[in-house]
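Q:
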Amino acid sequence: MALAAAVGDDAALVHDLRRAFLESADRQIDLLSRAADESSWQLALWRLKGLCGGFGVVHLSALSDEAQGCKPGDAKILRRI
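If you want it as structure tokens, here you go:
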């Protein structure tokens, strides 16, 4: 577990950081689903990718890269994310 390796054996800290990641990711995904224009879409993707990079969530980061080539609100990529 990469998170545990980064913060040590503090289970409470690992739990809090994991919860913070999930809340932040959910917020960015919600913004993606409501993005009405290209700039809003790209900003939410940029934030999601950065968040994933900070936590080592490679698969979701790769999906964020893939979504950059999609139109805002693309239902197919949103389901995959």
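Numbering (this note's numbering), first residue to last: 1 to 81. Just so it is clear, CB atoms sit at the ideal spot from N, CA and C, and this is done for glycine as well.
1. Give me the Cα-Cα distance between V58 and L45, rounded to the nearest whole angstrom.
2. Would I118 and L48 be called neighbours here (beta carbons separated by less than 8 Å)?
3. According to the Cβ coordinates, are C52 and S40 closer than 8 Å?
4. In chain order, what residues of the same chain have a beta carbon less than 7 Å from the beta carbon of D37, not counting five sequence neighbours either side?
5. Would you mind working out which of A20, D26, A35 and Q42 sits nearest G69, comparing C-alpha positions?
A: If we stick to the structure as given:
1. 14 Å
2. The structure shown does not extend to residue 118, since the chain spans only 1 to 81, so no value can be given for it.
3. No; because the gap between Cβ atoms is not below 8 Å, this pair is not in contact.
4. P72
5. Q42
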